[in-house]
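**Q**
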Amino acid sequence: MSSATNHLSRNLWSGILFGIGLIAFIDEAVFHQLLHWHHFYDKSTLAVGLVSDGLFHALSWFATIASLFMVADLRRREAWRRTRWWGGVLLGAGLFQFYDGTVQHKVMGLHQIRYVSNLFFYDVVWNIFAVAMIVIGAVITSRKGKASSQEENIS
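Residue numbers in the sequence shown follow our numbering, run continuously in steps of one, and reach 1526 at the last position.
1) Can you give me the start and stop residues for the alpha helix (DSSP H) that Trp1497 sits inside?
2) Please say whether Gly1459 and Gly1390 have beta carbons closer to each other than 8 Å?
3) For His1378, which residues from the same chain have a beta carbon less than 6 Å from its beta carbon, with the 5 sequence-adjacent residues on both sides left out?
4) How about Leu1439 and Gly1508: do their beta carbons lie closer than 8 Å?
5) With H, G and I counted as helix, E and B as strand and the rest as coil, what does DSSP make of Arg1452?
6) Whole angstroms is fine: what's the gap from Thr1512's alpha carbon to Leu1383's?
7) Taking the alpha helix (DSSP H) that Leu1426 belongs to, which residues open and close that run?
Listed below in structure tokens is the structure:
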């Protein structure tokens, strides 16, 4: 694998990790802490739910910090590609949100977005945002040609 291909891959993966960490942080801060709609694991006591939130929060920050170390290395090598990275951020955030909305909410039943009688609206909005982020991220990261090859380095 050439150095340029390796750098493009690292830009994408650092963006994906950051996107996962970012969307997990937003989920944790907004839906778990501020709105009190759910915990990461709602099939037990409140104490277990809070511990699961803490573990979820720690893992999201691990992904965020790991991605920033990758960005620092790419910047040091003058190989950071802002647009590709942001595409990865959207792709990672969308993939995580879609996984959360389908696998964790519906298949595993760890928690629901909100405990109300009609979840359909919440599920649809949650997954539409996820798919939109995936599509936009995929479009950005798959761009070829002049715009991609002349992308700015940020130093």
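C-beta: ideal position from N, C-alpha, C; glycine also.
Here the structure is a predicted model, which means the values were calculated and not measured.
**A** Straight from the coordinates:
1) By one-based count along the sequence shown, residue 1497 stands at place 126. Looking at the DSSP string, the run of the alpha helix (DSSP H) that includes Trp1497 is 1491–1513.
2) Here residue 1390 refers to the residue found at position 19 when the sequence shown is read from its first residue. Here residue 1459 refers to the residue found at position 88 when the sequence shown is read from its first residue. Yes, they are a contact pair.
3) The residue you call residue 1378 lines up with position 7 of the sequence shown. Contacts found: Ala1450.
4) To locate residue 1439, count along the sequence shown from 1; it is residue 68. To locate residue 1508, count along the sequence shown from 1; it is residue 137. Taking 8 Å as the Cβ cut-off, Leu1439 and Gly1508 do not qualify as a contacting pair.
5) Here residue 1452 refers to the residue found at position 81 of the sequence shown. Residue state, collapsed to three classes: strand.
6) Residue numbering aside, residue 1512 sits at position 141 when the sequence shown is read from its first letter. Residue numbering aside, residue 1383 sits at position 12 when the sequence shown is read from its first letter. Using only the alpha carbons, I get a separation of about 7 Å.
7) On the sequence shown, position 55 is the one that residue 1426 refers to. Note, Leu1426: alpha helix (DSSP H), 1417–1447.
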